[in-house]
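Contents: one structure, followed by commentary.
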Amino acid sequence: MVKAARKSSIAATDARNSTGNFSTRFSLPSFLKQVTRLSDNQRAVLEKLGFGNLLLIPNQRLNKNLLDELMRRWDIDRQAFLLPQGEIRLSLLDVALVLGLRVVGSPVILNDKEPFIDQESKYGAVIWKRKITVSSLESKLDSFCGICDDDFVRTFLLYTFGTFLFPNANGTVDSRYLSLLRYVDNICQFAWGAAVLKDLFSWLHQRKMMNVQYVGGCLLFLQMWSFEHIDIARPSLLGSSVAFPRVCQWDKSRSLNRQQIVSKFKDLQDHQVTWELQPTSLESEVGIIKELLEAQSSGKEHSEAENSCIVFPIVTDNDLGAIPQTMNPLVIEVETGSERSSMNEGQSERDINLDKLADSVSEVFTDVIECPSTSGCISKMHKQPKPVALPNDASVIIVIGDEEDLRTRVRTLEEKNMELEKEIHELRRENGLLRNNMLSGSRLEEKNVQLMREIDELRRENQCLSLSANELVVRLEKLVFYEDISVSEDSKPTQD
1 MVKAARKSSI AATDARNSTG NFSTRFSLPS FLKQVTRLSD NQRAVLEKLG
51 FGNLLLIPNQ RLNKNLLDEL MRRWDIDRQA FLLPQGEIRL SLLDVALVLG
101 LRVVGSPVIL NDKEPFIDQE SKYGAVIWKR KITVSSLESK LDSFCGICDD
151 DFVRTFLLYT FGTFLFPNAN GTVDSRYLSL LRYVDNICQF AWGAAVLKDL
201 FSWLHQRKMM NVQYVGGCLL FLQMWSFEHI DIARPSLLGS SVAFPRVCQW
251 DKSRSLNRQQ IVSKFKDLQD HQVTWELQPT SLESEVGIIK ELLEAQSSGK
301 EHSEAENSCI VFPIVTDNDL GAIPQTMNPL VIEVETGSER SSMNEGQSER
351 DINLDKLADS VSEVFTDVIE CPSTSGCISK MHKQPKPVAL PNDASVIIVI
401 GDEEDLRTRV RTLEEKNMEL EKEIHELRRE NGLLRNNMLS GSRLEEKNVQ
451 LMREIDELRR ENQCLSLSAN ELVVRLEKLV FYEDISVSED SKPTQD
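Going by the UniProt record's numbering, the first residue of the sequence shown is number 1, and it counts up by one from there.
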């Protein structure tokens with residue numbers, strides 16, 4: 001009996017180790033459940049806003065062993081996955097091809113200083129905790145019953161953010177997204193695909209640095225990216241009539257245990273890796289791909305028209321509260337034409353551009369991290385960054401120097417940012433406690449006032465009772481007096 005118990009214990013341990021040891025609130029089934037309930041009018045509106053391709057996604061299951069191995073191979077400094085043959089990076093083009101989301105457009109920024117708006121309170125958020133629960137969004141969606149108004153659009157997109165595009169560790173959505181969704185007609189102008197990529201970067205960093213248990217981000221994109229680039233656990237193509245986006249073309253993932261996944265990565269061959277995705281002729285005519293290729297070839301930087309840089313803050317929520325909720329913005333730069341040609345020649349050049357600091361600002365901490373270009377990149381050896389000639393009117397500072405020194409500075413800034421965010425998180429928690437205490441104090445004051453009123457009422461009633469008692473005593477005394485008189489008169493002898 002003892003041996004049998006030990007064997008079952010070992011089997012249970014092996015079972016835990018044989019699957020990816022992370023949890024996630026990413027939920028494609030929840031998202032698809034709401035998609036199936038959409039009316040034709042609701043679908044048409046979402047397509048107009050740039051989210052129509054997401055409505056075509058078939059049901060998939062996450063291959064957690066594959067995803068876990070990819071997370072283990074992520075290198076924070078190089079912003080790439082390390083394969084035996086070299087480095088391979090995520091890119092904006094990958095997001096556009098796989099998910100069909102726009103990657104060139106207005107930046108998606110969640111600013112801590114964004115004013116609290118009435119819509120946030122309508123969705124259940126409060127000024128000291130700007131979060132909306134996914135469950136409340138689901139309940140709200142159930143109440144629309146085919147209605148297609150601005151409120152429906154905001155609710156559906158927030159639910160999409162919380163379950164599919166930007167899921168976090170605690171099942172909530174940042175209510176500051178409502179500031180971006182305030183004007184529905186402008187929603188299509190944002191580069192939501194670039195925001196998805198940056199959010200995924202943030203979770204890959206957290207998983208690598210802190211081994212967080214709950215991993216957020218759009219994990220389906222990471223899995224489909226792996227199918228496109230690496231022939232491991234790759235399923236067959238569906239032969240679907242839907243040619244775009246590419247997420248619609250893959251069948252469900254093949255099930256492999258962790259040991260098999262690790263072994264296949266170790267034995268990976270060059271022919272099993274597609275370093276860079278190339279759009280087909282049909283894909284090149286799709287609007288979001290076309291505008292990305294045009295921005296890539298135009299070579300114009302720091303222009304709002306071309307939106308060559310997409311800024312998105314790291315949002316890192318988790319149940320333990322050890323990770324800061326918001327960090328400094330990171331920058332994804334769209335690769336220029338000259339950079340693309342140099343990549344084709346086998347050179348890996350990285351330019352780190354910092355915005356000029358305003359003279360009136362005494363201290364500004366800016367967190368700049370190397371980010372992928374729009375094409376998939378590989379470098380089998382690292383080279384020193386080279387100077388890049390800029391126009392005379394370029395409003396940037398080129399940082400040229402030792403790459404390792406830059407990485408060290410970046411890590412130092414990240415650590416400082418994390419420490420500051422932890423302090424901010426603690427201050428917010430203390431602020432919440434103080435608010436609760438203040439509310440409790442105000443309630444006690446109200447109760448005290450009410451009790452004082454009751455005491456006054458009792459005092460008045462007591463005075464009335466005292467007066468009534470006094471009157472009663474006087475009456476009794478009079479009755480006794482008169483009774484004594486009558487008795488005395490009755491007792492006198494009568495004269496004959």
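Heads up, the beta-carbon is just placed ideally off N, CA and C, and yes, glycines get one too.
Whole angstroms are fine: how far does the CA of residue j sit from the CA of residue i?
| i | j | result |
| --- | --- | --- |
| V242 | D150 | 29 Å |
| S106 | P167 | 21 Å |
| K264 | L256 | 10 Å |
| E291 | D185 | 20 Å |
| I117 | S179 | 8 Å |
| G216 | S27 | 10 Å |
| G162 | R453 | 50 Å |
| P235 | S253 | 5 Å |
| I455 | Q463 | 12 Å |
| V196 | I109 | 12 Å |
| E421 | L413 | 12 Å |
| K48 | Q189 | 11 Å |
| S442 | L434 | 12 Å |
| Y183 | K122 | 16 Å |
| V480 | L465 | 22 Å |
| A194 | N437 | 42 Å |
| L66 | L439 | 49 Å |
| M210 | N21 | 14 Å |
| E276 | L90 | 10 Å |
| L444 | L406 | 56 Å |
| S468 | E461 | 10 Å |
| P58 | Y159 | 18 Å |
| K33 | E415 | 40 Å |
Determine which residues share a DSSP beta bridge with residue i and list them.
| i | result |
| --- | --- |
| Y214 | S23 |
| L101 | None; L101 has no bridge partner. |
| I88 | F81 |
| L237 | W250 |
| S106 | F190 |
Three-state secondary structure (DSSP) at residue i?
| i | result |
| --- | --- |
| R459 | helix |
| S284 | helix |
| D75 | strand |
| F166 | coil |
| F201 | helix |
| V126 | strand |
| F190 | strand |
| R475 | helix |
| D484 | helix |
| N63 | coil |
| F51 | coil |
| Q278 | coil |
| L256 | coil |
From what residue to what residue does the beta strand (DSSP E) around residue i run?
| i | result |
| --- | --- |
| L220 | L220 -> not in any beta strand (DSSP E); alpha helix (DSSP H) instead, spanning L219 to H229. |
| T172 | T172 to D174 |
| T133 | K131 to T133 |
Could you give the residue range of the alpha helix (DSSP H) that holds residue i?
| i | result |
| --- | --- |
| D270 | That residue, D270, is in no alpha helix (DSSP H); it is neither H nor E in DSSP. |
| T36 | L28 to T36 |
| R182 | No alpha helix (DSSP H) holds R182; DSSP gives it neither H nor E. |
| D149 | Premise fails: D149 is in no alpha helix (DSSP H) and is neither H nor E. |
| Q42 | D40 to K48 |
Item to complete: May I ask you to verify whether the region 101 to 109 touches the region 43 to 59, counting CB pairs closer than 8 Å and requiring at least 3?
Response: Contact between the region 101 to 109 and the region 43 to 59 is present, because at least three Cβ pairs lie under 8 Å.
Practice prompt. Taking 8 Å as the threshold, find out whether the region 215 to 235 comes into contact with the region 86 to 100 through three or more Cβ pairs.
Written response: Three or more pairs of CB atoms, one per stretch, sit closer than 8 Å, so the region 215 to 235 contacts the region 86 to 100.
Worksheet item: Is there contact here, the region 182 to 201 with the region 132 to 140, by at least three beta-carbon pairs under 8 Å?
Response: At 8 Å Cβ cutoff, the stretches do not touch.
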